[in-house]
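Peer 1:
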Amino acid sequence: MTDLGYLLVGWGVSLGVIGLYSLSLVRRGRTLASRVPADRRRWMTTESDPK
Amino acid sequence: MTKLMTDDTIIDRQRGTGSRTTFWLGVVGLVGAIALVFLGFFVAPPDDFQKDAVRMIFIHVPMAILTYVAFSLTAIGSVAWLWKRSIWWDTVAHGAAEVGVMFSGLTLFTGSIWGRITWGTYWDWGDVRLVTTLILFLIMVGYLAVRSFDGDEAVNATRAAVIGLIGAANMPVVNRSVTWWSSRRTLHQKSSLVNGKIEGLTLFTLMFALVVFSIIMLWMLIHRFRISWLERQVSEGDLSEALTARRAEARAGMDRETEENK
Amino acid sequence: MLTDARLVAAKDLRIELRSRVTVSQVVPFAGLVLVLFGFALDANRPTLDLATSGLFWVTVLFVAIMAVQRSTAVETTDGARRALLLAGVEPGAVFIGKAVAVAVQLLTVEVVLVGGIVVFYGASIEEPFLLASTCLVATIGIAATGTLLGALVAGVRARETVLPILMLPVLAPVLLGATRAFDDALGSVAVNGWSWLAMLTGFTAINIALGVLAYGVLLEET
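Protein chains in written order, with this note's numbering: chain R, 1 to 51; chain B, 1001 to 1262; chain E, 2001 to 2222.
Below you can see the structure in the form of structure tokens.
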């Protein structure tokens, strides 16, 4: 495979940045969610939640 | 037993900003990304001229397209905020700007690496799309900077929306000016999708990549939206808590006074 | 509306004139930047010839940042903006007035700078009319965009650093266009300066329209 180094850096950094950003989103969400009462996180109400 | 397991997973994936929809979106996005690495590196054939360097296309082109999708969302959201004071759209605009800045950064990064391989240079000042994207990237970095000002959130939303508007309104001018400025020295290939030079497995992989990254972007936007929503809840919650505390204090003070008056 | 705009412009210019900052500080600053570029590139005269128009407009952008900062500061101190709003002046008129005041200051500086590039950089003016119209159109565009962004960062603690971050990318097309038009007017590069002037006109028109529309919202909210 030609230019493997460049390809690995390009793909690696891109997927890495996307992955890290996704992780940071999930973590930010969890930290914040712990400070908000469950009944105000409206997307969390599913069928399994006892009303 | 099975029942318990599913309940557990539901609770687990609902700890933060996740929901059933985003959970499956995330799963599809993750599996898709892994499949994309496989397709991009082992299934898609090397190009006749570019050899394996062509594999950069599977990241670079979807990133570029989604950058413009994201910034269009920001522009629409900015207008909706200024016009209708729509908090929903303002939140979308903010999230799309954040995702868009990341994607445009990656577009520029993968583009310059690809340029290094095929043109022999990381950066080409004569290139329209490169320079246009750079200017847009810088304007949107300014947008995010404005968002992080301390002070009233609604005021910052207005400030940011005006920047989003300036950015969007000036895009044609930026594009025109760079086109003329660099008319004789561009290295960028003509959009290879349009003139049909890409076909077969390469085309399939490119389309696959576009779909995968779109799903990932959607996942990010939903999560980002919910984070903003939670942030608003937290600040409102803090405010109402503080108000309750103050009121309780005042009431206690009044009680004491009446006591003393007796 | 035009009367209001003229009043605001006259007020800003009067303040500038009385404080003598433009004459005693901004013009010397611009000249200094020009001389410093000369030091940096003079060993290579052909390079300087090619770079003259670019250096001219980069200097103008620096000066524009200073001018906009001062123009915004005038309104933020002593609640002057509240007073303007209470006086019933139309926000669009305030915007046009302030932009005109900034443009007048910038044009003053540009006259000195044109003298500067002729004397220090040995530039020859081949097409005076193109040169003058480029200055006029580009400067109005810069002033309008700057005034809008100035109102945007008003009331922010870090506005001195934020303003350039916001202004420079937005003004990048002006730098491209005005530089090319100047290349033609100075005869240093063979391009069609008039089509660039058309591009600059488009930029200026777009940003004036945006300013008239958005300035009021910013004035009331920030």
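Glycine included, every Cβ here is placed at the ideal spot set by N, Cα and C. None of the values given here were measured: they were computed from a predicted structure.
1) Which residues does DSSP pair with E/LYS2098 in a beta bridge?
2) Taking 7 angstroms as the cut-off, decide whether the C-beta atoms of E/GLY2202 and B/VAL1178 are in contact.
3) What residues are listed by DSSP as bridge partners for B/ASP1047?
4) Under a three-way DSSP split, which group does E/MET2167 fall into?
5) Please tell me whether B/ILE1215 has its Cβ less than 7 angstroms away from any Cβ of chain R.
6) Is there a Cβ from chain A that is less than 7 angstroms from the Cβ of R/LEU32?
7) Around the C-beta of B/ILE1139, are 16 or more other C-beta atoms found within 10 angstroms, so that it is buried, or is it exposed?
8) List the residues of chain B that E/VAL2170 touches, going by C-beta distances under 7 angstroms, in chain order.
9) Taking only the alpha-carbon atoms, compute the straight-line gap between B/ASN1156 and B/PHE1204 and give it to the nearest angstrom.
10) Rounded to the nearest angstrom, what separates B/ALA1168 and B/MET1254 at their Cα positions?
11) With DSSP as the reference, label B/VAL1194 as helix, strand or coil.
12) Using DSSP with H/G/I as helix, E/B as strand and the rest coil, what is E/ASP2004?
13) Please decide whether E/MET2001 counts as near chain B, where near means a Cβ-Cβ distance under 7 angstroms.
14) Per DSSP, what kind of secondary structure is B/GLU1231 in: helix, strand or coil?
15) Rounded to whole angstroms, what's the CA-CA distance from B/ALA1064 to B/THR1074? Just pull it up for me.
16) Does E/GLU2075 come within less than 7 angstroms of chain B when only Cβ atoms are used?
17) Please decide whether E/GLY2079 counts as near chain B, where near means a Cβ-Cβ distance under 7 angstroms.
18) Is there a C-beta anywhere in chain B that falls below 7 angstroms from the one on E/LEU2007?
19) Specify whether the segment 30-39 of chain R and the segment 1126-1133 of chain B touch according to this definition: at least 3 beta carbon pairs, one from each stretch, less than 8 angstroms apart.
20) Measure from the alpha carbon of E/ALA2080 to the alpha carbon of each residue in E/ILE2142, E/LEU2168, E/ARG2020, E/VAL2008, then state which is nearest.
21) Drop a sphere of 10 angstroms on the beta-carbon of B/TYR1122, count the other beta-carbons inside from all chains shown, and report buried for 16 or more, exposed for fewer.
22) Using a Cβ cut-off of 7 angstroms, pull out every chain B residue sitting near E/ILE2206, in sequence order please.
Peer 2: Taking the structure as given:
1) Residue mapping note: residue 2098 of chain E aligns to position 98 of the third sequence, counting from 1. E/LYS2098 is not bridged to any residue.
2) The residue labelled residue 2202 of chain E in the question sits at position 202 within the third sequence. The residue labelled residue 1178 of chain B in the question sits at position 178 within the second sequence. Their beta carbons are not under 7 angstroms apart, which means E/GLY2202 does not touch B/VAL1178 by this criterion.
3) Within the second sequence, residue 1047 of chain B is the residue found at index 47, counting from 1. According to DSSP, B/ASP1047 bridges with B/LYS1051.
4) Looking up residue 2167 of chain E in the third sequence gives position 167. In this structure, E/MET2167 counts as helix in the three-state DSSP scheme.
5) Numbered from its first residue, the second sequence carries residue 1215 of chain B at position 215. It does not; no Cβ of chain R falls within 7 angstroms.
6) The question asks about chain A, but that chain is absent: this structure's protein chains are R, B and E.
7) Taking the second sequence and counting its residues from 1, the one referred to as residue 1139 of chain B is at position 139. When all chains shown are included, B/ILE1139 counts as buried.
8) Mapped onto the third sequence, residue 2170 of chain E falls at position 170. Per Cβ cutoff of 7 angstroms: ILE1139, ILE1166, ASN1170.
9) Here residue 1156 of chain B corresponds to residue number 156 of the second sequence, with the count starting at 1. Here residue 1204 of chain B corresponds to residue number 204 of the second sequence, with the count starting at 1. For B/ASN1156 and B/PHE1204, the distance between alpha carbons rounds to 43 angstroms.
10) The sequence position of residue 1168 of chain B within the second sequence is 168, counting from 1. The sequence position of residue 1254 of chain B within the second sequence is 254, counting from 1. Rounded to whole angstroms, B/ALA1168 to B/MET1254 spans 56 angstroms at the Cα level.
11) To locate residue 1194 of chain B, count along the second sequence from 1; it is residue 194. With a pLDDT of only 49 at B/VAL1194, under the threshold of 50, the placement of this residue in the model should not be trusted; the figure read from the coordinates follows. Correct three-state label for B/VAL1194: coil.
12) Position 4 of the third sequence, counted from the first residue, corresponds to residue 2004 of chain E. If DSSP states are grouped into helix, strand and coil, E/ASP2004 belongs with the helices.
13) Position 1 of the third sequence, counted from the start, is the residue given in the question as residue 2001 of chain E. Not an interface residue.
14) Residue 1231 of chain B sits at position 231 when you count from the first residue of the second sequence. B/GLU1231 falls in the helix class under three-state DSSP.
15) By 1-based counting over the second sequence, the position of residue 1064 of chain B is 64. By 1-based counting over the second sequence, the position of residue 1074 of chain B is 74. B/ALA1064 and B/THR1074: Cα-Cα distance of roughly 16 angstroms.
16) For the purposes of this step, residue 2075 of chain E is taken as residue 75 along the third sequence, with counting starting at 1. It does not: the Cβ of E/GLU2075 has no partner Cβ on chain B nearer than 7 angstroms.
17) Looking up residue 2079 of chain E in the third sequence gives position 79. Cβ-Cβ to chain B under 7 angstroms: no for E/GLY2079.
18) Indexing the third sequence from 1 puts residue 2007 of chain E at position 7. With 7 angstroms as the cut-off, E/LEU2007 does not count as an interface residue toward chain B.
19) no
20) Numbered from its first residue, the third sequence carries residue 2080 of chain E at position 80. It is E/VAL2008 whose Cα lies nearest to the Cα of E/ALA2080.
21) As a working mapping, residue 1122 of chain B is identified with position 122 in the second sequence. Flag for B/TYR1122 reads exposed.
22) To locate residue 2206 of chain E, count along the third sequence from 1; it is residue 206. Within 7 angstroms Cβ-Cβ: ALA1169, ASN1170, VAL1173.
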